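Peer 1: Take 8 as the starting number for the sequence shown in my numbering and just add one per residue.
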Amino acid sequence: MKIYHLTIISLFILVSNYSYAGDPAKGKTLSQTCVACHNVDGNSVSPIWPKLAGQHADYLVKQLQDFKQGKRINAQMTAMVASLSDQDMADLAAYYASQKIKTGSAKPELIESGQQIYRAGDSQAGIPACMACHGPAGAGNPGAHYPSVAGQHAAYTATQLKAFKSEERNNDENNVMRSITGPMTNAQIEAVSEYIQGLH
Numbered sequence: 008m009k010i011y012h013l014t015i016i017s018l019f020i021l022v023s024n025y026s027y028a029g030d031p032a033k034g035k036t037l038s039q040t041c042v043a044c045h046n047v048d049g050n051s052v053s054p055i056w057p058k059l060a061g062q063h064a065d066y067l068v069k070q071l072q073d074f075k076q077g078k079r080i081n082a083q084m085t086a087m088v089a090s091l092s093d094q095d096m097a098d099l100a101a102y103y104a105s106q107k108i109k110t111g112s113a114k115p116e117l118i119e120s121g122q123q124i125y126r127a128g129d130s131q132a133g134i135p136a137c138m139a140c141h142g143p144a145g146a147g148n149p150g151a152h153y154p155s156v157a158g159q160h161a162a163y164t165a166t167q168l169k170a171f172k173s174e175e176r177n178n179d180e181n182n183v184m185r186s187i188t189g190p191m192t193n194a195q196i197e198a199v200s201e202y203i204q205g206l207h
């Protein structure tokens, strides 16, 4: 009898901690305030704002929560998420995850060096291959909360990699991105960011 009750309690805890199921239709309505920076379908026009289209919902929810809790700092995003509930975040994430990202192209002169970093890393500098976590096509790994990166604006990616390198951004789980970007040069960051922009 005690085992039965413990099992029920354990299941209740697991269910109560599980993320909210998002409603893309409600998310589309909520996204009207996001359009100025991220565009209607999540494919931002300005390279300084990230493309959200096709991103894993769980990853998007985590970033929104981190902005709200002050674990990730951005004055504009902090203001935008202030009034969002957990359900709002799940709905927004579900909407953007349901959209299709529009990929770009890489600067031809940086493709070879960017591909080297992305696919093989730099063993001498202690930089692992990006595809070890983000996959050969840049689709990421939703189970491990590794985001999809394929087609992301090079300018945005470079800014985030530099922020991790300087530890200005530190909301990566287990210090993963900070340890990877630490030994990267600005030239390597630019090259791999360009390669990612054209990856599909």
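Just so it is clear, CB atoms sit at the ideal spot from N, CA and C, and this is done for glycine as well. Bear in mind the structure is a predicted one, so any value in this text is a computation, not a measurement.
If I'm right that Ser105 touches Pro31 with Cβ under 8 Å, what's the distance once you round it to whole angstroms?
Peer 2: Counted from its first residue, the sequence shown places residue 105 at position 98. Counted from its first residue, the sequence shown places residue 31 at position 24. Indeed, because the Cβ distance is near 5 Å, the residues count as touching under 8 Å.
Peer 1: Can you grab the Cα-Cα spacing for the pair Ser51 / Tyr103, in whole Å?
Peer 2: On the sequence shown, residue 51 is found 44 positions in, with the first residue counted as 1. On the sequence shown, residue 103 is found 96 positions in, with the first residue counted as 1. Cα-Cα distance, rounded: 12 Å.
Peer 1: Could you tell me how far apart the beta carbons of Val199 and Gly121 are, in whole angstroms, since I believe they sit closer than 8 Å?
Peer 2: By one-based count along the sequence shown, residue 199 stands at place 192. By one-based count along the sequence shown, residue 121 stands at place 114. Rounded, the Cβ-Cβ distance is 5 Å, consistent with contact.
Peer 1: Please report the distance separating the alpha-carbon of Ile118 from that of Gln204.
Peer 2: Numbered from 1 along the sequence shown, position 111 holds the residue referred to as residue 118. Numbered from 1 along the sequence shown, position 197 holds the residue referred to as residue 204. Rounded to the nearest angstrom, the two C-alpha atoms are 10 Å apart.
Peer 1: Below 8 Å between beta carbons: does that hold for Gln62 and Pro154?
Peer 2: Counting from one through the sequence shown, the residue named residue 62 turns up at place 55. Counting from one through the sequence shown, the residue named residue 154 turns up at place 147. Yes, the Cβ-Cβ distance between Gln62 and Pro154 is below 8 Å.
Peer 1: Among Gln195, Gly77 and Lys58, which one has its Cα closest to the Cα of Gly111?
Peer 2: The residue you call residue 111 lines up with position 104 of the sequence shown. The candidate whose alpha carbon is nearest that of Gly111 is Lys58.
Peer 1: Under 8 Å: do the segment 122 to 135 and the segment 159 to 179 share three or more Cβ pairs, one atom per stretch?
Peer 2: Too few Cβ pairs lie closer than 8 Å, so no.
Peer 1: Please list the terminal residues of the continuous alpha helix (DSSP H) segment that includes Gly34.
Peer 2: Translated into positions along the sequence shown, residue 34 becomes position 27. Taken as a continuous stretch (DSSP letters only), the alpha helix (DSSP H) holding Gly34 covers Pro31 to Leu37.
Peer 1: With 16 other CB atoms within 10 Å as the buried threshold, where does His141 fall?
Peer 2: As a first step, residue 141 must be located in the sequence shown, where it is residue number 134. Its Cβ being crowded by 16 or more others within 10 Å, His141 is buried.
Peer 1: Pick from Glu201, Ile196 and Gln123: whose alpha carbon is nearest that of Gly158?
Peer 2: Numbered from 1 along the sequence shown, position 151 holds the residue referred to as residue 158. Among Glu201, Ile196 and Gln123, the Cα nearest to that of Gly158 belongs to Glu201.
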